[in-house]
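A.B. asks: Questions regarding the structure given below will be posed in turn.
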Amino acid sequence: LLGQRLLEVWSGLPVLYLLIILSGFVEPNFWWLLGIMALFSWLALVDVVRAEFLRGRNLEYVKAARALGLTDRKVIVRHILPNAMNATLSYLPFILTGAISTLTALDFLGFGMPAGSASLGELIGQGKQNLQAPWLGLTAFFTLALILSLLVFIGEALRDAFDPRS
């Protein structure tokens, strides 16, 4: 219970503001940003997986498997985990789109990758500075929209592929 409360406090921290503050102390690079994003992104999956496991332990076929004498490990691997994977894979593209949007916003605000690095936020910033060349901003915008849309479509395809009910 204490671990769950610590996770709630940790997930309540504003990631974007924390990244902006930390980039004032440390020169951000790709690995630093990736590590910080990984440090915060997994928290959303914890709630989904925990809820699926709590829901799955009360299903009839899980109770029947336990009544037949299967070990907890076999019940988890054969029955509960496939259902939890479906929910996790459905939620994962939204986490990735949030991370990409956060990194793009950081780069646009100047707190992300070092200046001169190729990134969508840098390209959007250059489009803002060069309004006489609208293709800079539009290219970055449409690229970002395409990437985020494709991630959602890939997530839907994965969800359909791993759906144990179909």
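Each residue of the sequence shown is one higher than the one before, counting from 35 in the working numbering.
Here a beta-carbon is modelled for each residue, glycine too, at the ideal position from N, C-alpha and C.
#1: Applying the criterion that 16 or more other CB atoms from any shown protein chain within 10 Å of the CB defines a buried residue, is E94 buried or exposed?
#2: Is it buried or exposed for G155, if we count other Cβ within 10 angstroms and need 16 for buried?
#3: Ordered along the chain, which non-local residues of its own chain (more than five positions away) have a Cβ less than 7 angstroms from that of D17?
#4: Any idea if A179 is buried or exposed, counting beta-carbon neighbours within 10 angstroms, 16 or more meaning buried?
#5: When you compare each of S57, G144 and T131 to S212 by their alpha carbons, which one comes out closest?
#6: Is the Cβ-Cβ distance between S151 and L137 less than 9 angstroms?
#7: Please report the distance separating the alpha-carbon of V82 from that of R89.
#8: For the stretch 121-149, list the beta strand (DSSP E) runs that are entirely contained and at least 3 residues long, ordered along the chain.
#9: Tell me which same chain residues have a C-beta within less than 7 angstroms of the C-beta of L192, skipping the five on either side of it?
#10: Following the continuous alpha helix (DSSP H) through S151, name the residue where it begins and the one where it ends.
#11: Just how far apart, CA to CA, sit A139 and N92?
#12: Closest by CA to I188, which one among A167, L126, Q160 and Q166?
#13: Out of curiosity, what's the CA-to-CA distance linking N117 and L77?
#14: Leaving out five residues before and five after I181 in sequence, what residues of the same chain have Cβ atoms less than 7 angstroms from its Cβ?
#15: By how many angstroms is the C-alpha of F175 removed from the C-alpha of L185?
C.D. replies: In terms of the structure at hand:
#1: Mapped onto the sequence shown, residue 94 falls at position 60. By the Cβ-count criterion, E94 is exposed, with fewer than 16 other Cβ atoms from all chains shown falling within 10 Å of its own Cβ.
#2: Walking along the sequence shown from the start, residue 155 turns up at place 121. It counts as buried.
#3: Outside the shown range of the chain, which is 35 to 200, sits residue 17, and nothing can be said about it.
#4: To locate residue 179, count along the sequence shown from 1; it is residue 145. Within 10 angstroms of the beta-carbon of A179 lie fewer than 16 other beta-carbons, which makes it exposed.
#5: Outside the displayed range of the chain (35 to 200) lies residue 212, so it cannot be described from this structure.
#6: For this step, residue 151 is matched to residue 117 along the sequence shown. For this step, residue 137 is matched to residue 103 along the sequence shown. The answer is no: Cβ separation not under 9 angstroms.
#7: As a position in the sequence shown, residue 82 is number 48, starting the count at 1. As a position in the sequence shown, residue 89 is number 55, starting the count at 1. Approximately 11 angstroms between the Cα atoms of the pair.
#8: Annotation: the stretch 121-149 contains no complete segment of the beta strand (DSSP E) (minimum length 3 residues).
#9: Position 158 of the sequence shown, counted from the start, is the residue given in the question as residue 192. L123.
#10: As a working mapping, residue 151 is identified with position 117 in the sequence shown. For S151, no alpha helix (DSSP H) run applies, since DSSP gives it neither H nor E.
#11: Against the sequence shown, residue 139 aligns to sequence position 105. Against the sequence shown, residue 92 aligns to sequence position 58. CA-CA distance, A139 to N92, rounds to 42 angstroms.
#12: On the sequence shown, position 154 is the one that residue 188 refers to. The shortest Cα separation from I188 among A167, L126, Q160 and Q166 belongs to L126.
#13: One-based indexing of the sequence shown puts residue 117 at position 83. One-based indexing of the sequence shown puts residue 77 at position 43. In this structure, the alpha-carbon of N117 lies about 19 angstroms from that of L77.
#14: Counting from 1 along the sequence shown, the entry for residue 181 is found at position 147. Sequence-distant partners of I181 (beyond 5 residues in either direction) whose C-beta falls short of 7 angstroms from its own C-beta, in its chain, are I134.
#15: Within the sequence shown, the letter at position 151 stands for residue 185. Within the sequence shown, the letter at position 141 stands for residue 175. Straight through space, the alpha carbons of F175 and L185 are spaced by roughly 15 angstroms.
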